[in-house]
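> Structure provided below as structure tokens; questions to follow.
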RNA sequence: GGCUCCGUAGCUUAAUGGAUAGAGCAUCUGACUACGGAUCAGAAGGUUAGAGGUUCGAGUCCUCUCGGAGUCACCA
């Protein structure tokens, strides 16, 4: 049993024995003692004052005495203003340190034989991955690692939106203007190649629209429909979608292509397969570089018709209802939502229909009792509705659904817009952070003796470490303003700061090996310094942090934890001598402490998807 | 307008209802006779948007106000 649990259990016993009241162990609050007081852990006494009918200080004194008496680890105590500060014995810390070093999986829970499905990334195939996907992927991947550490069997999936108007735009542009060019012939990364045709399409459509605006038909529409205060420019900006769907030649061609696709036209399908295969090759490359992977891919071209049978089931159960025009609806006004259409009057699916169908299909595939959707917070309402619908359908997994919602990534200039060319590309971004890592490294010259390959591996770890930590250290819910300069910072509260601490521990252990330094006989070390105690307490906290991150689906807890641990280690590094310690026992103890810190840092960062360099 | 989320130092942010709101960046001072200075120590910087309330105790919970974002499609 963990130390704090032992103490909590003992306090519930004490309350029972001393005051005759029962208190559950979860109600007992224990925090690390702030540095300005003496002690290691602090019990908050106030909750027990009423049941004891004594002053806070008296209760604290009684509980403190009880704990010193019954719990070996508790060596002493003091009570200040209703807070019971406990001192943990050196002997207990020695045992603890030994355990951490000899437990490779320290902080991780045993397998619990429960399966969780985690969906993330889920891009469209008309253009390459961008900054928004990066946050999504890093979050999704990190959560998968955290849940794995918490004992779950995690299945990572993505559903690829490989059909629809968007990809048809890229297809059409390539067909009209591509002249048989390929990624290979142009030497362009294949997903970017496809994306370029999407941009080209938008450009051509814009040109067509501008010409059209000068026609008499356009003038007439403007005169008829514009709002009183609305200028021409504003009106036509707003009217663009409608124009595209009614008057545009390119629009008509795209719609025709979509119809051809849906009717299974062979030429269209083969073009579609060609374009998508280019995109997938590019995505694979980006994912690999980012260090994320999937257990199964779903394609919308396979799933977009799913869900209709569930709509029938819902109608039969009376959960849904049909309007006169044949459309099917659900009324969620009793839980504060609106009425929502589930099937169009012509019998075709809407967005939520296929999500309903896909949910069941995936349950059949994996039997997961819990499904996590990593999707931006624009879709909060959609998922609230989806989960409510599945609940009312009585789906067995409906209570295990979670929308891992995250704030959009915006630029200092506002939201990214493809049309305005303000999209930050994922590949470019990774290039950039690695370039900055290289510059910094060359300035320092520490890697001069390492092979080309080894150096590249390190620079990649450092650069991506900076990027990943930057994106994961804040609460996912928060909107993120992406400042390119801060994202590649290598100093302060950053990934490389933590990696550097690890490199320090690694360097020490290297010397232990090469010089056969003894680090086993540390139990005689009794004079544990405050900076050492701080480290021990931080290491002791690690399993709880993993649990909390898993329970809240929030990697930022781990990111902040790792930073604090690294900071404590750096302070320790400066305050005491390790290899040159005052005694053999002190040296052994500090080396053990370094090893424990290094392994927890490595483990914690791995849960963020960040790899540790051996040197940097 | 309804619903949801957000508002903490110049900037980015932390804080299971617990002690004097904790960090990083930027600014200013210091620290290498080296276990790696991508580091450390220190200074300065806060009416936690505002007003009420609940509580022994509120950045955190409740109510209202102000400010910002998202959403409220037979789009995805």
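In the numbering used here, the protein residues as written are 1 to 616. Just so you know, even glycine gets a beta-carbon here, dropped at the ideal spot from N, CA and C. Keep in mind that this is a model prediction, so the values were computed, not measured.
Give the range of the beta strand (DSSP E) segment to which residue 534 is assigned.
No beta strand (DSSP E) holds residue 534; the alpha helix (DSSP H) holding it covers 530–552.
> Identify, in the order they occur along the chain, each residue of the same chain with its Cβ nearer than 7 Å to the Cβ of residue 169, setting aside the five sequence neighbours on each side.
Only 126, 198, 201 and 254 meet the Cβ criterion.
> Could you tell me the alpha carbon to alpha carbon distance between residue 106 and residue 257, rounded to whole angstroms?
Near 56 Å, if we compare the C-alpha coordinates of residue 257 and residue 106.
> Terminal residues of the continuous alpha helix (DSSP H) containing residue 429?
Start and end: 426–444.
> Tell whether a beta-carbon distance below 8 Å holds between residue 434 and residue 386.
Not a contact, by the Cβ cut-off of 8 Å.
> What does a CB cutoff of less than 6 Å around residue 534 pick up in its chain, not counting 5 residues either side in sequence?
Taken in chain order, the residues that qualify are 568.
> Using alpha carbons as the reference points, say which of 337, 332, 406 and 33 lies closest to residue 133.
Of the candidates 337, 332, 406 and 33, the one whose C-alpha sits nearest the C-alpha of residue 133 is 406.
> Ignore the nearest five residues each way along the sequence and tell me which others in residue 82's own chain have a CB closer than 6 Å to its CB.
For residue 82, where only same-chain residues beyond five positions count, the Cβ hits under 6 Å are 45, 46 and 56.
> Going by DSSP, what residue range makes up the beta strand (DSSP E) through residue 87?
First-last of the beta strand (DSSP E) with residue 87: 83–88.
> Which ranges does the alpha helix (DSSP H) cover as unbroken runs of at least 4 residues, wholly within the segment 477–519, from first to last along the chain?
Counting only runs of 4 or more, we get 484–487 and 495–514.
> Going by the CB atoms, is the gap between residue 63 and residue 14 shorter than 8 Å?
Closer than 8 Å, so yes.
> Would you kindly report the start and end of the unbroken alpha helix (DSSP H) that includes residue 564?
Its alpha helix (DSSP H) spans residues 556–575.
> Thinking residue 373 and residue 160 are a contact (beta carbons under 8 Å), I'd like their distance in whole angstroms, please.
The Cβ separation is near 15 Å, so there is no contact.
> Please list, in chain order, all residues of the same chain as residue 287 whose beta carbon is under 7 Å from its beta carbon, the five residues on each side excluded.
These residues qualify, in order along the chain: 293.
> Going by beta-carbon coordinates alone, are residue 505 and residue 469 separated by less than 8 Å?
Cβ atoms of residue 505 and residue 469: not closer than 8 Å.
> Identify, in the order they occur along the chain, each residue of the same chain with its Cβ nearer than 8 Å to the Cβ of residue 588, setting aside the five sequence neighbours on each side.
Counting only Cβ-Cβ distances below 8 Å, and skipping sequence neighbours, we find 518, 519, 520, 521, 522 and 525.
> Across which residues does DSSP place residue 124 in a beta bridge pair?
According to DSSP, which records beta bridges pairwise, residue 124 is partnered with 161.
> According to DSSP, simplified to helix, strand and coil, what is residue 410?
Here residue 410 sits in strand by DSSP.
> Taking the alpha carbon of residue 529 as the reference point, which residue from 491, 516, 507 and 576 has its own alpha carbon closest?
The candidate whose alpha carbon is nearest that of residue 529 is 576.
> I need the straight-line Cα distance from residue 635 to residue 593, nearest angstrom please.
The chain is shown only over 1 to 616; residue 635 falls outside these bounds and no answer can be derived.
> Quick check: the segment 302–316 against the segment 170–189, are at least 3 beta-carbon pairs closer than 8 Å?
No, the segment 170–189 does not touch the segment 302–316.
> Using 8 Å for Cβ pairs, my map puts residue 539 next to residue 100. What's the rounded Cβ distance?
About 6 Å separates the two Cβ atoms, so the contact holds.
> Do the segment 443–462 and the segment 472–488 meet, that is, are 3 or more Cβ pairs less than 8 Å apart?
They do not touch, by the three-pair rule.
> Beta carbon of residue 482, beta carbon of residue 404: below 8 Å?
It is not a contact, given that the beta carbons lie outside the stated cut-off.
> Compute the beta-carbon to beta-carbon distance between residue 619 and residue 147, rounded to the nearest angstrom, for a pair I have assumed lies under 8 Å.
Only positions 1 to 616 of the chain appear in this structure, which leaves residue 619 out of reach.
> Does the separation of the CB atoms of residue 329 and residue 319 fall below 8 Å?
Not closer than 8 Å, so no.
> Where do the N-terminal and C-terminal ends of the beta strand (DSSP E) with residue 119 fall, by residue?
Where residue 119 is concerned, the enclosing beta strand (DSSP E) stretches over 115–119.
> So residue 116 and residue 296 are in contact, right, with Cβ under 8 Å, and what is the actual spacing, rounded?
Going by Cβ atoms, the distance from residue 116 to residue 296 rounds to 14 Å, so no, they are not a contact pair.
> So what's residue 342 in DSSP terms, helix, strand or just coil?
Of the three classes helix, strand and coil, the one that applies to residue 342 here is strand, per DSSP.
> Could you say which of 323, 54 and 542 lies nearest to residue 2 if we only look at CA atoms?
For residue 2, the nearest C-alpha among the options comes from 542.
> Would residue 323 and residue 349 qualify as a contact pair, given that the criterion is a beta-carbon distance under 8 Å?
No; because the gap between Cβ atoms is not below 8 Å, this pair is not in contact.
> If we ignore side chains and look at the alpha-carbon of each, how far apart do residue 51 and residue 77 end up?
When rounded, the distance between both Cα atoms is 22 Å.
> Buried or exposed: residue 37, going by 16 or more other Cβ atoms within 10 Å of its Cβ?
Exposed.
> Pull up the CB-CB distance for residue 429 and residue 131, whole angstroms please, since I reckon it's below 8 Å.
Right, the Cβ-Cβ distance comes to about 7 Å (below 8 Å), so this counts as a contact.
> Using CA atoms only, rank isn't needed, just tell me which of 452, 448 and 249 is closest to residue 204.
That would be 249, whose Cα lies nearest to the Cα of residue 204.
> Starting from residue 13, trace the alpha helix (DSSP H) both ways and give me its first and last residue.
Note, residue 13: alpha helix (DSSP H), 3–19.
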